[in-house]
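Written below as structure tokens is the structure these notes are about.
There are 2 protein chains.
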Amino acid sequence: MTVSKAFTVVPDGTITTPQGFRAGGLHCGLKKTERYDLGVIVCDVPAEAAGVYTLNAFQAAPLRVTQKSIAVDGKLQVMLVNSGNANACTGQQGEDDAYAMRLAAAKAFGAAEHHVGVTSTGVIGELLPMPKVLGGIEKLPAQVKLDGGEDFCQAILTTDLVQKMTCVSVTVGGKKVHIAGAAKGSGMIHPNMATMLGFMTTDANIESAQLQKLLSAVTDSTFNMITVDGDTSTNDMVVVMASGKAEHEPLTPDHPDWAAFEAGFRYVGEYLAKAIARDGEGATKLIEVNVAGAESQEAARAIAKTVIGSSLVKSACFGADANWGRIIAAVGRAGYPVNTETVDIRLGDITVLEQSRPVKFDEDRAEAYLKTELVQIYVDLHMGDVTATAWGCDLTYDYVRINAAYRT
Amino acid sequence: MTVSKAFTVVPDGTITTPQGFRAGGLHCGLKKTERYDLGVIVCDVPAEAAGVYTLNAFQAAPLRVTQKSIAVDGKLQVMLVNSGNANACTGQQGEDDAYAMRLAAAKAFGAAEHHVGVTSTGVIGELLPMPKVLGGIEKLPAQVKLDGGEDFCQAILTTDLVQKMTCVSVTVGGKKVHIAGAAKGSGMIHPNMATMLGFMTTDANIESAQLQKLLSAVTDSTFNMITVDGDTSTNDMVVVMASGKAEHEPLTPDHPDWAAFEAGFRYVGEYLAKAIARDGEGATKLIEVNVAGAESQEAARAIAKTVIGSSLVKSACFGADANWGRIIAAVGRAGYPVNTETVDIRLGDITVLEQSRPVKFDEDRAEAYLKTELVQIYVDLHMGDVTATAWGCDLTYDYVRINAAYRT
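Protein sequences appear in the order of chains V and W.
Take the first sequence: its position 269, counted from the start at 1, is 269 in UniProt numbering, and no numbers get skipped.
Take the second sequence: its position 331, counted from the start at 1, is 331 in UniProt numbering, and no numbers get skipped.
In structure tokens, the structure reads:
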């Protein structure tokens with residue numbers, strides 16, 4: 001992605017760069033080490049809010065609570081998150097615990113209960129140690145600060161290796177507007193939300209309903225186009241909060257600066273999605289699959305996601321093996337009609353298949369390319385003009401190591 | 001599976017145990033080592049035949065040729081197979097080569113050209129070195145023998161570690177009938193055929209059309225219920241040949257011994273399917289997922305396949321980690337409605353979830369169980385009475401090692 005002139009990346013920007021937001025984190029005892037495991041984003045005012053949630057049938061309790069909060073009047077003022085325990089598959093007690101977290105956060109921050117969102121990430125099926133969580137919430141207001149974005153980022157990590165955040169600015173009605181985001185990965189990651197939490201903040205003036213439409217559309221081509229291991233989590237969600245502090249005319253698609261805002265918003269979504277894929281469990285590189293020439297958006301996306309999800313393609317990228325046979329095999333099993341005579345495949349700028357025929361290529365150059373940290377695979381079906389892009393990572397020894405003993 | 005009294009397993013039985021069949025193998029130069037890479041099954045007479053083929057859009061050339069052969073009069077006398085090169089995605093030249101193999105085998109064995117089937121397994125997208133292949137075919141008749149079943153099994157292996165074959169006998173109309181099978185795995189294995197070749201022989205008297213119906217039905221609950229890595233190959237196929245040498249009345253579903261024959265046939269299919277899963281690339285154990293209480297066959301199979309296909313479940317089995325949260329997360333993303341309050345999960349006889357609530361269990365006993373070579377996962381949805389079983393293997397360091405450098 002090239003950075004459009006519609007927006008500017010803010011160096012060192014975090015989720016508290018947009019006006020009206022503070023954040024913080026602390027260790028309350030859910031993680032075995034002293035790392036932060038409880039975090040919060042707080043807005044000075046009830047912010048316009050929107051969310052997207054996992055499609056897994058076993059949606060975790062806190063997601064249902066957050067949805068209920070937003071449903072009341074489309075606003076959130078406090079977004080609370082814990083890591084180390086997913087509060088998923090925990091039955092009525094889990095739901096009661098999620099409501100108790102919401103109530104405690106509302107009291108601690110002086111917000112209305114329905115202006116509090118809660119979410120959790122970590123091990124599935126274990127009850128939250130509520131005394132630790134509630135004790136942490138009480139101490140949280142003292143940790144919240146204007147430059148607390150990094151603390152918040154630390155608090156949401158599980159097996160992630162790096163913090164994932166970005167911020168851009170755009171001009172709306174002559175006012176400077178910020179759009180920022182933070183996210184965590186990094187396993188059980190697959191389209192339809194992943195074990196992925198995304199938090200976006202903006203000081204734009206935009207209503208909840210507009211924000212929801214924009215978030216849903218952007219999610220479809222960003223967060224829902226990444227996969228680490230094909231497993232869709234019970235806890236995935238992306239929430240966006242808009243403080244309105246930039247004080248421009250309300251943003252709608254009719255606003256002259258809508259396109260700039262949308263571009264900045266999409267950049268933040270794509271940045272976070274790619275950062276999650278790159279930091280997938282055990283990953284050594286980011287893989288990007290670009291499908292062109294498809295007949296429909298569904299086909300383009302399904303094929304891109306099937307290629308990026310193939311364990312064989314992922315292993316080959318780890319081993320820097322230009323095994324395009326695995327790519328075409330994945331294209332062929334994606335469930336959409338393919339003209340088997342017209343497929344081109346490129347690895348970076350190295351053509352390996354043209355009109356479905358193998359092309360002689362320099363194996364050494366291909367190997368060198370596959371050893372880089374960003375591998376771009378291009379598949380052109382030559383059937384239509386629809387494109388899609390998906391992101392993922394290689395499958396490595398470390399993925400197996402991490403997942404062979406996650407709980408222990 | 002318990003062995004029913006309807007049939008008896010023949011100790012050391014191979015695909016040449018059924019009357020009328022011989023087989024053989026040799027090294028023609030497709031594999032870098034001296035291992036066999038060309039094999040053949042020959043019947044004394046044109047045998048009634050049936051086949052099932054990959055659903056991958058990029059079906060390899062030899063599969064199309066075999067389909068055309070069987071389409072003529074439902075018979076095969078010679079089944080030729082090479083390993084080391086898949087002859088897939090090789091365009092018109094690949095198709096010409098497959099026909100050339102068929103012609104050469106017809107000449108070598110004195111069979112009609114349309115009574116020859118050909119198939120290939122190995123690397124995708126490279127042209128067959130035809131002089132080696134044709135030279136091998138010329139020498140093949142001298143290698144064919146009554147006890148050549150093991151030689152044939154060697155010739156079809158790629159990354160497989162063990163030969164996979166079995167034979168049973170059943171009584172049909174007072175005559176002893178044999179049903180035998182041989183198969184290869186072991187990567188790019190997923191429902192809808194895998195990089196999997198299955199060969200079955202029988203001396204039963206049964207017409208091609210009946211054989212096809214039986215093979216298709218049995219494939220749906222055996223070969224199509226295994227997964228190693230979720231990748232569906234371009235070359236998968238299962239072919240069955242019936243010599244009729246047992247000389248009983250033709251078998252149809254109305255025959256009093258049909259049930260016994262069907263049970264024996266299903267046993268061979270399931271035996272081979274499980275053997276392929278157990279010998280999946282890098283596998284240390286066989287994993288069996290049993291789903292009960294589903295509302296439909298589609299739901300039961302989809303859920304069983306989603307659980308067995310989960311990289312996280314597979315990694316947890318490798319690490320002997322009783323992480324049932326990953327199992328229920330897979331159940332929840334299989335794409336079928338689930339009652340989130342009524343799910344039971346057992347690992348062997350250890351209940352870990354009851355009515356969707358975690359059950360306290362002995363972690364040491366669970367770890368010991370997960371370290372065994374056969375892990376059986378039971379999921380009861382309590383929604384209906386339909387069941388399904390799927391098989392797979394654990395995800396290990398060796399899977400990554402094997403697939404990070406398969407071509408090189």
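Beta carbons are placed, not taken as given, at the ideal position from N, Cα and C, and that holds for glycine.
Which residue or residues does DSSP assign as beta-bridge partners of residue i?
i, result
"V:N403", "Beta-bridge pairing links V:N403 to no other residue."
"V:C393", "V:L286"
"W:G24", "W:V40"
"W:Y378", "W:N290, W:R346"
"V:G122", "V:G84"
"W:L197", "W:K184, W:M237"
"W:E373", "None; W:E373 has no bridge partner."
"V:E354", "V:R357"
"W:T8", "W:S169"
"V:A388", "V:V291"
Drop a sphere of 10 angstroms on the beta-carbon of residue i, count the other beta-carbons inside from all chains shown, and report buried for 16 or more, exposed for fewer.
i, result
"W:I189", "Since pLDDT at W:I189 reaches only 46, below the 50 mark, its modelled position is unreliable, and no value is offered."
"W:D349", "exposed"
"V:P358", "buried"
"W:G335", "exposed"
"V:S120", "buried"
"W:E270", "buried"
"W:E150", "buried"
"V:P253", "exposed"
"W:L347", "buried"
"W:E247", "exposed"
"V:S315", "buried"
"W:E48", "buried"
"W:S311", "buried"
"W:I15", "buried"
"W:D394", "buried"
"V:G148", "buried"
"W:L161", "exposed"
"V:A285", "The residue you asked about is not Ala; residue 285 of chain V is Lys in the sequence shown. V:K285 comes out buried."
"W:A62", "Reading off the sequence shown, one finds Pro at residue 62 of chain W, where the question assumed Ala. Label assigned to W:P62: buried."
"residue 421 of chain W", "Here chain W has residues from 1 to 408 only, and residue 421 of chain W is not among them."
"V:D385", "exposed"
"W:A50", "buried"
"W:L146", "exposed"
"V:K75", "buried"
Write down the C-beta distance between residue i and residue j rounded to the nearest angstrom, noting that I regard them as a contact closer than 8 Å.
i, j, result
"V:G25", "V:F152", "5 Å"
"V:N205", "V:G244", "4 Å"
"V:N85", "V:E126", "6 Å"
"W:A6", "W:V170", "6 Å"
"V:E281", "V:Y378", "Wrong, their Cβ atoms sit about 26 Å apart, outside the cutoff."
"W:A180", "W:V268", "7 Å"
"V:L133", "V:A111", "The identity of residue 133 of chain V in the sequence shown is Val, whereas the question assumes Leu. Not really, about 17 Å apart at Cβ, beyond 8 Å."
"W:I137", "W:A105", "6 Å"
"W:V144", "W:A23", "6 Å"
"V:I156", "V:K184", "4 Å"
"V:G29", "V:P129", "7 Å"
"V:Y296", "W:C89", "The amino acid occupying residue 296 of chain V in the given sequence is Ser; Tyr does not appear at that position. With a Cβ gap of about 24 Å, V:S296 and W:C89 do not count as contacting."
Is there a Cβ of chain C sitting closer than 9 Å to that of residue i, yes or no?
i, result
"V:I287", "Within the model displayed, chain C is absent; protein chains V and W are what it includes."
**Item:** Contact set between the region 388-405 of chain V and chain W, restricted to residues whose Cβ is under 7 Å from the partner
**Value:** L395, T396, Y397, V400, N403, A404, A405
**Asked** Going along the region 13-40 of chain V in order, which residues come within less than 7 Å of chain W, judged by CB to CB distance?
**Response** none
**Prompt:** Counting only runs that start and end within the region 278-307 of chain V, where is the beta strand (DSSP E) found for 3 or more residues in a row?
**Reply:** 286-294
**Message:** Quick check for students: name the residue ranges of the beta strand (DSSP E) that lie wholly in the region 47-116 of chain V, counting only runs of 3 or more.
**Reply:** 75-85
**Prompt:** What are the complete alpha helix (DSSP H) segments, minimum 4 residues, inside the region 202-241 of chain W?
**Reply:** 208-221
**Chain-ordered residues of the region 339-358 of chain W with a beta carbon less than 7 Å from chain V** = T340, S356, R357, P358
**Asked** Can you give, in chain order, each stretch of the beta strand (DSSP E) that sits fully within the region 317-351 of chain W and has at least 3 residues?
**Response** 344-347
**Request:** Please go through the region 126-180 of chain V and give each complete beta strand (DSSP E) segment of 3 or more residues, from N-terminal end onward.
**Result:** 164-172
**Message:** So if I threshold CB-CB distances at 9 Å, which residues from the region 312-325 of chain V count as touching chain W?
**Reply:** L312, V313, K314, S315, A316, C317, F318, G319, A320, D321, A322, N323, W324, G325
**Cβ-based contacts, 7 Å cut-off: residues of the region 152-166 of chain V near chain W** = none
**Message:** Which residues of the region 96-124 of chain V have a Cβ closer than 9 Å to any Cβ of chain W? Give them in chain order.
**Reply:** V123, I124
**Prompt:** Of the residues that make up the region 45-64 of chain W, which ones have a beta carbon closer than 9 Å to any beta carbon in chain V?
**Reply:** T54, L55, N56, A57, F58, Q59
**Message:** Under 8 Å, CB to CB, which of the residues in the region 361-382 of chain V have a partner in chain W?
**Reply:** none
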